[in-house]
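See structure below.
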Amino acid sequence: MLDHGTPEHAVDDPVESLRHRMRHSAAHVMADAVVQLFPEAKVAIGPPTADGFYYDFEVGRPFTPEDLERIEVLMLDTIKSNAPFVREELSRESAQSMFSTQPFKQEIIDDLPDETTLSIYRHGEFTDLCQGPHVASTGEITAVKLLHTAGAYWRGDENRPMLQRIYGTAFESQAELEAHLERLAEAERRDHRALGRQLNLFTVHDEIGPGLIVWHPKGGVMRSLIEDYWRDIHYRRGYNIVYSPHIGRARLWQTSGHLDFYRDSMYAPMEIDEQEYFLKPMNCPFHIQIYRSALRSYRELPLRIAELGTVYRYERSGVLHGLMRVRGFTQDDAHIFCLPDQVAAEVGDVLDLTFEIMAAFGFEDYDIMLSTRPEKYVGEPEMWDHATESLRQALVERGLEYGIDEGGGAFYGPKIDIKIKDALGRDWQCTTVQFDFNLPERFGLVYQDEQGNRVQPYMVHRAILGSLERFFGVLVEHYAGAFPLWLSPVQAVVIPIADRHNEYAEHVATQLRDAGFRTEVDDRSERMNQKIRQAQLQKTPYMLVVGDREAEANAAAVRTRDGDNRGAMPVSDVQKMLTAELAGTPAAR
RNA sequence: GCCGAUGUAGCUCAGCCGGAAGAGCAGCGGUUUCGUAAACCGCAGGUCAAGGGUUCGAGUCCCUUCAUCGGCUCCA
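Just so you know, we're using my numbering here: the first sequence kicks off at 5 and counts up by one.
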C-alpha cells in the first residue's frame, strides 16, 4: 500500500501542505543520516515547524558544526537516491517490538490512546514511527539546509532529559531557500543589540549587571519623544498620570500576594530599620493605594491611573535578550477602576488607543488573542463572564479578527493580548488588557454606589507598549535603525565642505534648531565624503551639504539617507520640507 | 535554571602543537581644505572576563565563577 498522507492532517493551502510534508520528510531523512553516523543515537521526535523542521536525538556527545556538514552530505545522498516514502499501519505490539531499542518511541507509543491507528513510514533502510503525511519520495525534497543545533528538553519538560536538537529548513526550490536565508540575514542586520551600539542608543554592562539597560543620549532623546507622546495622548484620553516609588515594604507585597506566588521572580529584600523592603516587580499595588487613599464614589468612576513605572524582575539568566527580555524595565502601565456597565466601553477605548498609538509608530498589522477563564481561578464566575463578554464585544464591535485561547487567561482574570507585526512579519507581544479579580479582593477595594452600598469595582490592568525597553528594541528592528523623521535622534546633519564653511554651517544649524529641528554640524577636519558616510551609517535622515555656493545664497544642498541628492535649496525651504514630513506624526506642528 | 558555543585594545576580530600580545576601524597629534558612502603620515592604546590549578614556561591545557550568544524551559 502506498499512502503519502492522511487527509485529516492536510493543510488547506496546497503550497503550505507540500512545504509541510517536505519538511517533515526532511526531518526523517535527517534522522536517517544521524542514525547512520551515530548508531547508538536514540531518536525522539522530528516535526515540521513554521520555518523548517527539527529532530531531537539523545547521543553520547553534542553535535558539532562538522557533524552537521557530514549529516547534510548523507542527506543529499538519500535525496538523490529518490527512495519512496512508504506508509504501513501496524499493531501496538509490533510497534513496540520494532522500536524496542528506542525508549522515546516506546514512551510515545505507550502514551497514544488505545484507539489510535499506529503507522510507520519507511524510506530506504530507515523506519520511523509517524502519522505522516510525507512526500512521495526523498527526491521531492528539493532544497534543504541544516541550520544549527541546540539543547531541548524531552517533551519540553525541564525535569526530563535534555536532548540534542538539530534545526533545518526545506523549500520547494533553491531560490526560495536562498530567499529564506536572506531573510534570516536581514533579521541579523536589524538586530537591535548591534544597532543599539552602532547608533549609540544604549548599552548593557557587566559592571552594572545583566538585563539592566543604560540609555545613551541618542536613545534617551528617542525615549523622551516616545514618553512625551504617550503622556500627551493619555492626558487627552482621560488618564491620570502618577508616580510611585521603586521599593515597597514587605507587607504591601504580602497583601498583594506577590510574596506568596511571585517571590522567586523578585529581587531579594533589603532591610531598613528592621523592616524588609522589596524592589517592585509591578506597579499595581501602588496604584491601588492611590485608589484607596479616599472613599471612592461611583461618580468618580471610571478612574484611570497611569504611570511609566519602572519595575525589576529576576528573570532567569538564560532568558535575557538585549532589550527584549531584561531585568529592569519601564511599563506603560495603567489601571482602570470602573463600574460593571462601564467595562465594555473602557475595554473598547483601550483598543482604540492601542491602534492609534501603534499606528503612530508605524505598526498596522496585529495578531489578537482573547484568553478565557482557566481551571484554577479566583473571583466570581458571573464577573468573569461579564468581563470576558465585554472583551469579546469590544473586539467584535471593531470588526477585529481574533483567536481564542480557551482557558488561557491568568488565574485572576480574562485578557486580550495583542501582538504587532514588524517590517519582517515577525510578531512582538506588546499590548495586554487584563481583568483583575484578585487584587481588588485582596486590598478590599470598594466604591460607594447610588444606594450607599460599598461595592467592589472592576479593575482592568493594561499596558499598550508593554515595556519601553522592549518596544524600543522592536522599533529599532522594525526600522532597521532608519527611524522616521519625528523619532530620529538627529534629524539633520550639516556638512561643511571645507573648514572655512564651518561658520556658515553653524548658521544653518542654528536656523534649523530655532525652528525646533534636532540638528548637528559635522565640523571635523575630514573630507565631505567621509562626513556623508558617517551620517549615512548613523542613518541620519537629512544631510545638508554647504560650500561656497550655498553660503552665498543662505542655502543647503539636501541629501537624504536613501542617497537621493535633491540639490541646493534655501534654508527656509528645508524647514518647510521637514515640517511637511512631520505632518500627521506625533511631532506635527 | 538546563544543553552547547564564546569571552584578546573603545568596536569588529586574528593569534597554529604551550615558547617575546597582533590587524582594521575608532581615538590622539600633524599634514590636507576637498562637491555627495572611507585622504595621508605618525602616536598611543591590553591584569588576554575573574579566580584557582598543571607546567621550566599559559591568551593557548584543566577546574570554578561571572557574562554574552544560539536554543530549551520560563515570562502568575
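All C-beta atoms in this analysis are idealised placements derived from N, C-alpha and C, irrespective of residue type, glycine included.
Grab me the residues of residue i's own chain with a C-beta within less than 6 Å of its C-beta, minus the 5 sequence neighbours each way, in chain order.
{"i": "Val159", "result": "One point to set straight first is that residue 159 is Arg, not Val, in the sequence displayed. Hits under 6 Å: none found."}
{"i": "Glu92", "result": "Ile124"}
{"i": "Ser405", "result": "The amino acid occupying residue 405 in the given sequence is Glu; Ser does not appear at that position. Taken in chain order, the list of residues that qualify is empty."}
{"i": "Asp371", "result": "Lys423 and Asp431"}
{"i": "Phe290", "result": "Ser248"}
Taking all protein chains shown into account, do 16 or more other C-beta atoms lie within 10 angstroms of the C-beta of residue i, making it buried, or fewer, making it exposed?
{"i": "Ser228", "result": "exposed"}
{"i": "Val400", "result": "exposed"}
{"i": "Gln542", "result": "buried"}
{"i": "Asn163", "result": "exposed"}
{"i": "Ala54", "result": "exposed"}
{"i": "Ala189", "result": "exposed"}
{"i": "Gln1", "result": "Because the chain is modelled from 5 through 593, residue 1 falls outside the range shown and cannot be assessed."}
{"i": "Arg563", "result": "buried"}
{"i": "Arg240", "result": "exposed"}
{"i": "Gly223", "result": "buried"}
{"i": "Pro117", "result": "exposed"}
{"i": "Met328", "result": "buried"}
{"i": "Asp115", "result": "exposed"}
{"i": "Ser321", "result": "exposed"}
{"i": "Leu299", "result": "exposed"}
{"i": "Ile292", "result": "buried"}
{"i": "Ile408", "result": "exposed"}
Only counting the same chain, and skipping five residues up and downstream in sequence, which positions put a Cβ closer than 7 Å to that of residue i?
{"i": "Phe521", "result": "Gln495, Ala496 and Leu582"}
{"i": "Pro306", "result": "Ile340, Phe341, Cys342, Gln346 and Glu350"}
{"i": "Phe152", "result": "Checking the displayed sequence, the identity of residue 152 turns out to be His instead of Phe. The residues are Tyr171."}
{"i": "Thr247", "result": "Sequence check: residue 247 is Tyr here, not Thr. Excluding positions up to five away in sequence, the list reads Glu311."}
{"i": "Glu379", "result": "Gly411"}
{"i": "His250", "result": "Leu283, Lys284 and Thr314"}
{"i": "His323", "result": "The sequence given here places Val at residue 323; His does not occur at that position. Result list for Val323: Arg329, in chain order."}
{"i": "Ser529", "result": "Asp503"}
Taking only the alpha-carbon atoms, compute the straight-line gap between residue i and residue j and give it to the nearest angstrom.
{"i": "Ala555", "j": "Arg517", "result": "18 Å"}
{"i": "Phe175", "j": "Met26", "result": "8 Å"}
{"i": "Ala592", "j": "Thr376", "result": "40 Å"}
{"i": "Met362", "j": "His184", "result": "28 Å"}
{"i": "Lys84", "j": "Thr142", "result": "7 Å"}
{"i": "Val578", "j": "Thr523", "result": "12 Å"}
{"i": "Ala156", "j": "Asn244", "result": "46 Å"}
{"i": "Glu510", "j": "Ala364", "result": "32 Å"}
{"i": "Ala502", "j": "Val549", "result": "10 Å"}
{"i": "Thr173", "j": "Phe57", "result": "6 Å"}
{"i": "Leu449", "j": "Gly485", "result": "45 Å"}
{"i": "Ser21", "j": "Ile49", "result": "20 Å"}
{"i": "Ile499", "j": "Phe333", "result": "37 Å"}
{"i": "Pro590", "j": "Leu72", "result": "50 Å"}
{"i": "His127", "j": "Val90", "result": "6 Å"}
{"i": "Ala87", "j": "Glu129", "result": "9 Å"}
{"i": "Leu216", "j": "Asp210", "result": "9 Å"}
{"i": "Val575", "j": "Gly567", "result": "20 Å"}
{"i": "Ala584", "j": "Tyr508", "result": "25 Å"}
{"i": "Glu280", "j": "Ile75", "result": "57 Å"}
Skipping 5 residues on each side, what residues in its chain have a beta carbon closer than 8 Å to that of residue i?
{"i": "Gln100", "result": "Gln110 and Ile113"}
{"i": "Lys419", "result": "Leu374, Ser375, Leu395, Gly413, Thr436, Val437, Gln438 and Phe439"}
{"i": "Val39", "result": "Ala45, Val47 and Phe130"}
By DSSP's criteria, residue i is part of a beta bridge. Which residues make up the other side?
{"i": "Val494", "result": "In the DSSP output, where bridge partners are listed per residue, Val494 has none listed."}
{"i": "Cys342", "result": "Tyr462"}
{"i": "Ser123", "result": "Glu93"}
{"i": "Asn244", "result": "Ile309"}
{"i": "Thr334", "result": "Thr314"}
{"i": "Arg563", "result": "Met547 and Asn569"}
{"i": "Gln542", "result": "Gln542 pairs with nothing; no bridge assigned."}
{"i": "Phe61", "result": "Val47 and Gln168"}
{"i": "Phe451", "result": "In the sequence as presented, Phe is not what sits at residue 451; that position holds Tyr. Arg300 and Val459."}
{"i": "Gly417", "result": "Ala414"}
{"i": "Lys425", "result": "Asp431"}
{"i": "Ile217", "result": "Val208"}
Stretch-stretch touch, CB-based, cutoff 8 Å, three pairs: the stretch 309-325 with the stretch 275-294: Contact between the stretch 309-325 and the stretch 275-294 is present, because at least three Cβ pairs lie under 8 Å.
Three Cβ pairs or more, each shorter than 8 Å: is that satisfied between the stretch 227-237 and the stretch 251-266? Because the criterion of three Cβ pairs below 8 Å is not met, the stretch 227-237 and the stretch 251-266 do not touch.
Answer yes if the stretch 397-414 comes into contact with the stretch 466-476, meaning at least three C-beta pairs across the two stretches below 8 Å, and no otherwise. Counting C-beta pairs with one atom in each stretch, the stretch 466-476 and the stretch 397-414 have fewer than three that are closer than 8 Å, which means they do not touch.
Do three or more CB pairs link the stretch 88-100 to the stretch 160-179 at distances below 8 Å? Under the Cβ criterion (8 Å, minimum of three pairs), the stretch 88-100 does not count as touching the stretch 160-179.
Using a Cβ distance threshold of 8 Å, determine whether the stretch 195-206 contacts the stretch 450-464, with at least three qualifying pairs required. Flag = no, the stretch 195-206 and the stretch 450-464 do not touch.
Are the stretch 69-88 and the stretch 181-200 touching by the rule of at least three beta carbon pairs closer than 8 Å? No, the stretch 69-88 does not touch the stretch 181-200.
contact_flag[the stretch 322-338, the stretch 379-399] where n(CB pairs < 8 Å) is 3 or more: Touching, no.
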